[in-house]
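Below is one structure, written out as structure tokens; comments come after it.
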Amino acid sequence: MRWSDEITLISETIPADYEDATNENGFGLTEEGMPVKVYANKKSVGYSEFFKAKMAGYTEELKFDVFTEEYAGQTLAEYNGKRYRVLRTYIDPKTGGEYTELTLSDLSERGGAAGGDI
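Counting from 1 along the sequence shown, just add 2 to a position and that's the residue number in the numbering used here.
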């Protein structure tokens with residue numbers, strides 16, 4: 003594995019003072035946590051996976067392996083200046099749990115946007 007790609011992982015939380023607040027579209031407000039840059043190994047998206055995601059209304063765009071100890075459940079990622087939602091995670095048992103595979107989807111799919119601006 004090359005581990006030459008760098009991605010930024012970003013968490014989303016609900017601010018304590020906005021628990022019941024929603025935006026103009028009725029979606030809950032969220033707040034972004036501190037971005038964390040990690041090295042990753044870019045992988046290809048499989049044919050079958052791509053079409054299954056498309057049937058569910060998502061476009062599976064990218065897959066990365068990251069070190070499991072560096073991934074803390076973040077829901078957003080940035081790569082090459084573009085923001086993505088973490089669609090799925092998978093801890094690979096073949097690596098003894100050392101790597102977590104992140105499947106990313108474009109935030110514009112299904113009307114999604116960061117920060118609760120859906």
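Backbone N, C-alpha and C define an ideal beta-carbon position, used for all residues, glycine too.
On a predicted model such as this, the values are computed, not experimentally measured, just so you know.
Under three-state DSSP, which class holds residue i?
i           : result
residue 34  : strand
residue 63  : strand
residue 118 : Any answer about residue 118 is weak, because its pLDDT of 40 lies below 50 and its placement is not dependable; what the coordinates show is given next. Residue state, collapsed to three classes: helix.
If the criterion is Cβ atoms closer than 7 Å, does the pair residue i and residue j meet it?
i           : j           : result
residue 70  : residue 102 : yes
residue 79  : residue 9   : yes
residue 94  : residue 42  : no
residue 87  : residue 107 : yes
residue 124 : residue 40  : With the chain running from 3 to 120 in the structure shown, residue 124 is simply not present.
Can you give me the start and stop residues for the beta strand (DSSP E) that residue i sits inside?
i           : result
residue 105 : 101-108
residue 88  : 84-93
residue 8   : 7-12
residue 79  : 78-81
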